[in-house]
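> Input: one structure, supplied below.
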Amino acid sequence: MSAERDQLLDRCRLKKKLTLWQIGAIALGGILALVVAGQAFNPDQPHIARVSISGMITDDFAREELLDKLVENENAKAVVVRINSPGGTVAASESLFNGLRAVSESKPTVSFISTIGASGGYITALATDRIFARKNALTGSIGILFQSPEISGLMEKVGVTLQEVKSSPLKGGPSMYAPMSEGERAVIKQMIDDSNEWFIDLVEDRRAMDRATATALADGGVYTGGRALENNLVDELGGEQDAIKWLEGHDDVPADLPVVDYKPRQPNQSPLADLLSWVGLGEISASRLKLDGLLALWQP
Numbered sequence: 024m025s026a027e028r029d030q031l032l033d034r035c036r037l038k039k040k041l042t043l044w045q046i047g048a049i050a051l052g053g054i055l056a057l058v059v060a061g062q063a064f065n066p067d068q069p070h071i072a073r074v075s076i077s078g079m080i081t082d083d084f085a086r087e088e089l090l091d092k093l094v095e096n097e098n099a100k101a102v103v104v105r106i107n108s109p110g111g112t113v114a115a116s117e118s119l120f121n122g123l124r125a126v127s128e129s130k131p132t133v134s135f136i137s138t139i140g141a142s143g144g145y146i147t148a149l150a151t152d153r154i155f156a157r158k159n160a161l162t163g164s165i166g167i168l169f170q171s172p173e174i175s176g177l178m179e180k181v182g183v184t185l186q187e188v189k190s191s192p193l194k195g196g197p198s199m200y201a202p203m204s205e206g207e208r209a210v211i212k213q214m215i216d217d218s219n220e221w222f223i224d225l226v227e228d229r230r231a232m233d234r235a236t237a238t239a240l241a242d243g244g245v246y247t248g249g250r251a252l253e254n255n256l257v258d259e260l261g262g263e264q265d266a267i268k269w270l271e272g273h274d275d276v277p278a279d280l281p282v283v284d285y286k287p288r289q290p291n292q293s294p295l296a297d298l299l300s301w302v303g304l305g306e307i308s309a310s311r312l313k314l315d316g317l318l319a320l321w322q323p
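Residues 24 to 323 (the numbering used here) are what the sequence shown spells out, left to right.
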């Protein structure tokens with residue numbers, strides 16, 4: 024029994040050593056990869072910056088900070104914005120638009136709608152100097168949305184009531200615990216109309232349309248890239264390389280400049296998290312998304 028126990032302990036020790044060696048090899052590989060990447064690109068050399076906007080557009084201080092720094096970065100000669108987003112909140116889309124407009128005033132910018140660039144995603148594209156889209160990408164959805172669930176019928180069936188005291192009839196409304204009143208509906212409609220007028224203003228200004236045409240296109244409908252081109256919502260059909268080639272036709276943007284991804288740094292992100300993100304393992308756990316307020320969104 025003693026011999027068998029010794030053999031088992033030896034195997035455990037060997038397995039532990041192998042595991043440590045494997046971890047060390049992975050870490051060394053990551054470090055070597057970072058070194059090679061650092062040798063392949065010098066951030067102090069001229070390049071084209073790539074900013075990717077994907078998923079839901081929500082308030083993002085790190086993204087705002089990135090765009091502010093990009094304005095001042097003289098080595099970033101131009102910017103390509105890769106879009107794959109159905110939109111998000113109106114306020115966050117406004118912030119992103121303003122940030123990209125500031126970048127566009129300092130250097131050439133172009134956007135590329137890969138799969139979807141609708142509502143807030145299309146607002147993002149409007150901020151750039153030129154818009155490219157795949158022929159079958161989805162874009163448009165010009166309009167504003169507000170949704171609020173209402174479960175008063177369910178509460179009545181299960182025998183649950185809500186006791187509420189408030190300072191005025193409109194305070195806290197609309198509520199999911201009662202049908203929307205006419206006063207609440209009027210307030211929400213006014214907010215939607217204000218934001219929708221702002222959206223139409225952007226389309227009219229950025230796409231050089233008359234008001235009637237821009238308003239007619241603001242029916243909330245989505246368009247394929249081909250239809251969007253026919254309606255002057257995008258400038259050209261093509262992929263990211265076509266967009267980059269358009270940038271290379273500008274002064275100070277020579278051909279064959281390296282394209283460098285610019286990503287917002289997450290708050291309190293550790294060097295290990297940077298390494299995981301660099302090798303494609305950054306999103307280890309998914310976080311729940313809560314969208315509050317008016318939405319510039321294709322489908323919630």
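No residue lacks a Cβ here, since even glycine has one placed at the ideal position from N, Cα and C.
Remember, it's a predicted structure, so these values are computed and weren't measured experimentally.
Kindly identify the DSSP beta-bridge partner or partners of N107.
Taking the first residue of the sequence shown as position 1, residue 107 is located at position 84. Paired residue(s): S77.
> Measuring only the C-alpha atoms, how far is V133 from K180?
Position 110 of the sequence shown, counted from the first residue, corresponds to residue 133. Position 157 of the sequence shown, counted from the first residue, corresponds to residue 180. Using only the alpha carbons, I get a separation of about 55 Å.
> Spell out the partners DSSP gives F155 in its beta bridges.
If you number the sequence shown from 1, residue 155 lands on position 132. F155 is bridged to F135, E259.
> May I ask you to report which of helix, strand or coil DSSP gives L225?
Mapped onto the sequence shown, residue 225 falls at position 202. Note: L225 maps to helix in three-state DSSP.
> Over the uninterrupted alpha helix (DSSP H) stretch that includes G163, give me the two end residues.
Start at 1 with the first residue of the sequence shown, and residue 163 comes out as number 140. Premise fails: G163 lies in the beta strand (DSSP E), 161 to 163, not in any alpha helix (DSSP H).
> According to DSSP, simplified to helix, strand and coil, what is K100?
Residue numbering aside, residue 100 sits at position 77 when the sequence shown is read from its first letter. In the structure shown, K100 sits in a strand (DSSP, three-state: E or B).
> Just grab the DSSP bridge partners of G166 for me.
Here residue 166 refers to the residue found at position 143 of the sequence shown. In DSSP, G166 forms no bridge with anything.
> Please work out which residues of its chain come closer than 7 Å, Cβ to Cβ, to A150, disregarding the five sequence neighbours upstream and downstream, and give them in chain order.
Here residue 150 refers to the residue found at position 127 when the sequence shown is read from its first residue. Here the set comprises F120, L123, R124, S127.
> So, under 8 Å CB-CB, L318 and G111 are touching, yes? Tell me the CB distance rounded to an integer number of Å.
In the sequence shown, the residue the question calls residue 318 occupies position 295. In the sequence shown, the residue the question calls residue 111 occupies position 88. Indeed, because the Cβ distance is near 7 Å, the residues count as touching under 8 Å.
> Expressed to the nearest angstrom, what Euclidean distance is found between the alpha-carbon atoms of A241 and A251?
Indexing the sequence shown from 1 puts residue 241 at position 218. Indexing the sequence shown from 1 puts residue 251 at position 228. If I take the Cα positions, the gap works out to 12 Å.
> So is S198 buried or exposed if we call it buried at 16+ other beta carbons inside 10 Å?
Sequence index remark: in the sequence shown, residue 198 carries index 175 (1-based). S198 is buried by the Cβ-count criterion.
> Taking R288 as the reference, which of I167, P277, L89, I71 has the closest Cα?
In the sequence shown, counting from the first residue as 1, residue 288 sits at position 265. It is L89.
> Using CA coordinates, which residue listed in I167, D67, S116, G262 is at the minimum distance from I76?
If you number the sequence shown from 1, residue 76 lands on position 53. Of I167, D67, S116, G262, the residue nearest in Cα terms is S116.
> So, does the region 270 to 289 touch the region 162 to 175, judging by three or more C-beta pairs under 8 Å?
With the cut-off at 8 Å, the region 270 to 289 and the region 162 to 175 do not touch.
> Quick one: residues in its chain with C-beta nearer than 7 Å to the C-beta of Q62, no 5 flanking neighbours on either side, listed in chain order?
Working through the sequence shown from its first residue, we reach residue 62 at position 39. Because the pLDDT of Q62 is 41, which lies under 50, any placement of that residue in the model is unreliable, and the number read from its coordinates should be weighed accordingly. Cβ within range, chain order: n/a, list empty.
> On a CA-only basis, which of G140, A85, G249, A209 is nearest L193? Give me that one, please.
Numbered from its first residue, the sequence shown carries residue 193 at position 170. It is A209.
> Tell me, please, which residues DSSP counts as bridged to H273.
Residue 273 sits at position 250 when you count from the first residue of the sequence shown. Answer is none; H273 lacks a bridge partner.
> Could you tell me which of A148, S129, D91, N98 sits nearest to G248, measuring between CA atoms?
Residue mapping note: residue 248 aligns to position 225 of the sequence shown, counting from 1. Cα-wise, what sits closest to G248 is A148.
> Could you give the distance in angstroms between the alpha-carbon of T236 and the alpha-carbon of F155?
Numbered from its first residue, the sequence shown carries residue 236 at position 213. Numbered from its first residue, the sequence shown carries residue 155 at position 132. Each residue's alpha carbon lies about 21 Å from the other.
> Are the Cβ atoms of R157 and G262 separated by less than 8 Å?
As a position in the sequence shown, residue 157 is number 134, starting the count at 1. As a position in the sequence shown, residue 262 is number 239, starting the count at 1. Yes.
> Can you tell me which of the three DSSP states A346 falls into?
There is simply no residue 346 to check, as the chain begins at 24 and stops at 323 in what is shown.
> Could you name the residues of the same chain whose beta carbon sits closer than 8 Å to that of K189, not counting the 5 residues immediately before and after it, in chain order?
As a first step, residue 189 is located in the sequence shown; it is residue number 166 there, counting from the start. For K189, where only same-chain residues beyond five positions count, the Cβ hits under 8 Å are G195.
> Taking a contact to mean a Cβ-Cβ separation below 8 Å, would you say L280 touches H70 in this structure?
Within the sequence shown, numbered from 1, the residue matching residue 280 stands at position 257. Within the sequence shown, numbered from 1, the residue matching residue 70 stands at position 47. Result yes, Cβ atoms of L280 and H70 sit closer than 8 Å.
> By alpha-carbon positions, which one of A201, G163, L225 ends up nearest to M178?
By one-based count along the sequence shown, residue 178 stands at place 155. For M178, the nearest C-alpha among the options comes from A201.
> Which same chain residues, not among the five before or five after S218, have their C-beta less than 8 Å away from its C-beta?
Sequence index remark: in the sequence shown, residue 218 carries index 195 (1-based). The residues are V113, I167, L317, A319.
> Which stretch, first to last residue, makes up the alpha helix (DSSP H) that contains T147?
The residue given as residue 147 occupies position 124 in the sequence shown. Note, T147: alpha helix (DSSP H), 143 to 149.
> What first and last residue would you give for the alpha helix (DSSP H) that runs through T236?
By one-based count along the sequence shown, residue 236 stands at place 213. First-last of the alpha helix (DSSP H) with T236: 234 to 240.
> Please report how far the alpha carbon of I80 lies from the alpha carbon of T138, in whole angstroms.
The sequence position of residue 80 within the sequence shown is 57, counting from 1. The sequence position of residue 138 within the sequence shown is 115, counting from 1. Those two C-alpha atoms are separated by around 15 Å.
> Distance, Cα to Cα, G143 vs E227?
Residue numbering aside, residue 143 sits at position 120 when the sequence shown is read from its first letter. Residue numbering aside, residue 227 sits at position 204 when the sequence shown is read from its first letter. Distance between the alpha carbons of G143 and E227 is about 16 Å.
> Just verifying my parser: in three-state terms, what is the DSSP assignment at V283?
Taking the first residue of the sequence shown as 1, we reach residue 283 at position 260. DSSP places V283 in strand when its eight states are reduced to three.
> Below 8 Å between beta carbons: does that hold for S108 and G78?
Along the sequence shown, read from residue 1 onward, the residue named residue 108 stands at position 85. Along the sequence shown, read from residue 1 onward, the residue named residue 78 stands at position 55. Yes, the pair counts as a contact, with Cβ atoms nearer than the cut-off.
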